[in-house]
Amino acid sequence: MKATVVLVFAAVLAQSGSLVERSGPGEEIASDGAQFTSDSEGTLKLNIPRNLRTNKRDSIRAKLNVFGGPVHGGLVIQKSEIITIKIPKISVFIQTDKPIYKPGQTVNMRIVGVDENLKPLTGQVKRVSITSPGKVRTMQWDNVDFIGGIVSLKFPLSSQPLLGDWKIEAEVKGEKGKLVFSVDKYVLPKFEVTIKPPSFVAVKSKDIKATVCAQYTYGKPVKGTVSVLFQMKLPDWYWRRKYLETQITTEKEIDGCTDVTIKTEDVLNKFKQYNSYYCHGCEHSKIAINATVKETATGISQNATGTESQIVRGTAKLKFLPSTPKEFKPGMAYSGQVKATKPDGSPMKGAQIKIVIRGRGRRLLDKYFIVPESGLVEFSINGSKIPSNAKSLNLQAKHQQQTLAYYNAKRWYSPSNSYISMKRVPSPLKAQVAYMYVCCEEPVLIPRPSMVVFVQFVSGMTQVTHVGSTAKVKFDFTTIADAKNVTFYYQIFSRGVLVAQGRNLHEMKNYKGKGMFTTSGFVQFAVTQRMVPSSRLLLFYVRDDLETVADNLQIDVEDKLENEVKIRFSDSIRKPGEATSLIITAEPGSQVAVTAVDKSVHLLKGGNELSQDDAIQVLSSQDVGPSGGSDHSGCYNPYWWGGPWQRRRRSFFPGYSKDLDASSAFENSGILYFSDLTIKTAKCETPFRPPYFFVDHPTFRNGPPQERAELSPMLLSPIAATDTPILKKGKQKKTKSVKVRKEFPETWLWTEELIK
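For reference, each letter of the sequence shown is one residue, going -18 to -1, 1 to 738 in mature numbering (1 follows the signal peptide of the UniProt record, and there is no 0).
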């Protein structure tokens, strides 16, 4: 793992950097040095060894030392900073072919190990163990070799095992993974019952309607009767909960699917009578719907439970999106987005909402908007309308005269009124991805496989920053008519590492007129795999008076994995007993693990499969996030100021957050800096001791922090190293054979193959 130190300055300097561990004997961890020419940027890389992770510590405290100066002169840079290094961890996943087993069956299991970059592990699994419900270790394997990052094992159950939850544990290089499977006596269900509940239940609605469907695992509808239970469920803490929870049951015939409707008043009436007609407290309650279908031909019953719909008093939800800036820059336009949806998340198409923006006691915007089909309402106010002495903007979003969303934007400070504002890159919509579980769109009469390699099919995505594409980010900046050409520097950080950097020369035209105005520019860069799943873009330039003007932007990239795998059957339809071929395409050398099981197993229980989130979480958790700033801010903070509320988005004391300036852009990019440029320009706030604080927080136990130091020529560095966390068709009817089958396999395919 490499921690990257980036240097940006405008002098001929010889530069060096080193890391010294603070919690240990003070030995040097890593060091590097280089020479840079005038007006150039370069990189020092400090290679941090993995063996620092001893005594089960996830991180260490270290002192970063920076030295530099002219090649034939003395030092002009000699600064230090205490940083936290988070040691990268591997991730251990466990998969079984099924979530539940019968006595006497064989448990197929795989242990998958990847590093922080999702690369397969080599070496050995130190230990794999299986523990019974009685907490007795019944099986253990030691020092099992990885093959392409996968270990595949089998565990035959006895004919009379303990019934209940069994646990698989695996230990790899100090990291552990575990998975629970069940052993029980069961009969695979012949059909599946599903409930499509209402997306929400409005207090003033007339009816509550749910759709119940019953289908055999091969897709045919089930004929029978259905009994549906509607129940109002109150929170566990609610007084007299059992008395007020009304239940209503209704029955009717079913042939595949049917709609079941009851009166809303019938299920809410008792609660409303007790709590007033307007049903105060209903918003904490839900309507639970359970259904039981009894097959006419056999009398077999199958049910569906756990389906709930939220009770709501209103039918509108308004929310300011993260694309709405938390800061405004005087003289520049301020724009944002409001998401208008119903309680179920569907767009409020055609509805009318009102957006109000206030500053310095004046209404700067008071306008109605019609919600488009997307549900996203865009608003903007011209910079000339914002009072020059405004310190904050207060935003409200209303529907039918009721304020449903609030937002606050703080002023961005610059002594010269110089600003940059980048246009937000739209975030991707939720993708429909099949990951480690691949299915086919066409109906087939063969089992559908699931993949243990990282497989994905992406659909339904719009406005996504794609790997391999060129991203173009527009930015506005303030300037004056006779300004010189400006060199903009940009740096892109992803998962705590600098992945791209460059500079753009913006040639200023001969603008007529005087005074300050706003113009535009663009930054373009290639989107690479190293930027997945998100990156932080820092853009800045340096004025002649050494003031640094900066902005930052978070860019979301599609959840694409480096090794794309494709899978398909050679035939779209095959009959039982006929042969077919499974065709897998991946990079040469890929170890592919394939599983196909009877869908009926997953009607009983789930939880044994790996998901896309398991892999993406390994990457996204490495985002070092806002750095919180350098300790050398020049502002003194008492030990009681900066408690647990300081760095949270929503503060107990929102007025105590620091003013925003160019340093905020650097910190929001996840880096700390040293510089003799003018970056921190906002005035320090006068600490005001809050009326109470959290005694148990470490901030208050350690007493006042060390005295602050000053800044020096620029150094940019990630504040921490990376830190990672830890089938449409089932089996078919018997073929035309006179032999009676006594064993019906539930696992159809369990194999590992090497792609050559």
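We treat Cβ as the ideally placed atom computed from N, Cα and C, and that holds for glycine.
Everything numeric in this text was worked out from a predicted model, so none of it was measured.
Check: Per-residue burial, residue 266 [other beta carbons within 10 Å of its own, 16 or more giving buried]; Outcome: exposed
Check: Simplified DSSP assignment, three categories, for residue 730; Outcome: strand
Check: Every unbroken beta strand (DSSP E) within the stretch 119 to 197, with a cutoff of 3 residues, ordered by chain; Outcome: 119 to 127, 132 to 138, 146 to 154, 157 to 165, 173 to 178
Check: Sequence-distant residues of the same chain with beta carbon closer than 6 Å to residue 97, five excluded per side; Outcome: 72
Check: Rounded Cβ spacing between residue 106 and residue 90 (contact assumed at less than 8 Å); Outcome: With a Cβ gap of about 20 Å, residue 106 and residue 90 do not count as contacting.
Check: Residue 356 classed as buried or exposed, judged by whether at least 16 other C-beta atoms fall within 10 angstroms; Outcome: exposed
Check: N- and C-terminal bounds of the beta strand (DSSP E) containing residue 277; Outcome: 268 to 277
Check: Any chain D beta carbon closer than 8 Å to residue 511; Outcome: Within the model displayed, chain D is absent; a lone protein chain is all it includes.
Check: Bridge partner(s) assigned by DSSP for residue 487; Outcome: 469
Check: Continuous beta strand (DSSP E) stretch holding residue 376: start and end; Outcome: 374 to 381
Check: Those runs of the beta strand (DSSP E) which lie wholly inside the stretch 312 to 367 and span at least 3 residues; Outcome: 316 to 323, 334 to 341, 344 to 352, 358 to 363
Check: Collapsed DSSP secondary structure at residue 289 in the structure displayed; Outcome: strand
Check: For residue 395, the nearest candidate out of 379, 384, 582, 664 (CA to CA); Outcome: 664
Check: Euclidean distance between Cα positions of residue 178 and residue 193; Outcome: 5 Å
Check: Beta-carbon proximity list for residue 332, same chain, < 8 Å, skipping 5 on both sides; Outcome: 352, 353
Check: Extent of the continuous alpha helix (DSSP H) to which residue 646 belongs; Outcome: 644 to 650
Check: Continuous beta strand (DSSP E) stretch holding residue 575: start and end; Outcome: 573 to 579
Check: Cβ contact check for the stretch 317 to 326 and the stretch 365 to 372: 3 or more pairs under 8 Å; Outcome: no
Check: Burial state of residue 728 (16 or more Cβ within 10 Å); Outcome: buried
Check: Paired residues, beta bridge with residue 65 - DSSP; Outcome: 44
Check: Rounded straight-line distance, which links the Cα of residue 358 to that of residue 597; Outcome: 30 Å
Check: Neighbour-count burial assignment, residue 79, 16 or more Cβ in a 10 Å radius; Outcome: buried
Check: Exposure label - residue 138; buried when at least 16 CB within 10 Å; Outcome: exposed
Check: Residue from 521, 167, 562, 325 with nearest C-alpha to residue 651; Outcome: 521
Check: Spatial distance of residue 28 from residue 451 (CA atoms); Outcome: 30 Å
Check: Distance between beta carbons of residue 363 and residue 386, contact taken as under 8 Å; Outcome: Between residue 363 and residue 386 the Cβ distance is about 20 Å, and since that is not below 8 Å, they are no contact.
Check: Whether residue 579 touches residue 566 by CB criterion (8 Å); Outcome: no
Check: For residue 234, the residue or residues it bridges with in DSSP; Outcome: 208
Check: Three-way DSSP call (helix, strand, coil) for residue 760 in this model; Outcome: Nothing can be reported for residue 760: it is not among the residues displayed for the chain, which extend from -18 to 738.
Check: Three-state class that DSSP yields for residue 534 in the structure shown; Outcome: strand
Check: Residue nearest to residue 378 in terms of C-alpha spacing, selected from 529, 136, 349; Outcome: 349
Check: Local Cβ density within 10 Å of residue 10, reported as buried at 16 or more and exposed below that; Outcome: exposed
Check: Alpha-carbon spacing of residue 33 relative to residue 158, whole angstroms; Outcome: 17 Å
Check: For residue 236 and residue 208, believed in contact at Cβ under 8 Å, the rounded distance; Outcome: 4 Å
Check: Exposure label - residue 534; buried when at least 16 CB within 10 Å; Outcome: buried
Check: Whole-Å CB distance - residue 286 paired with residue 176, under 8 Å assumed; Outcome: 6 Å
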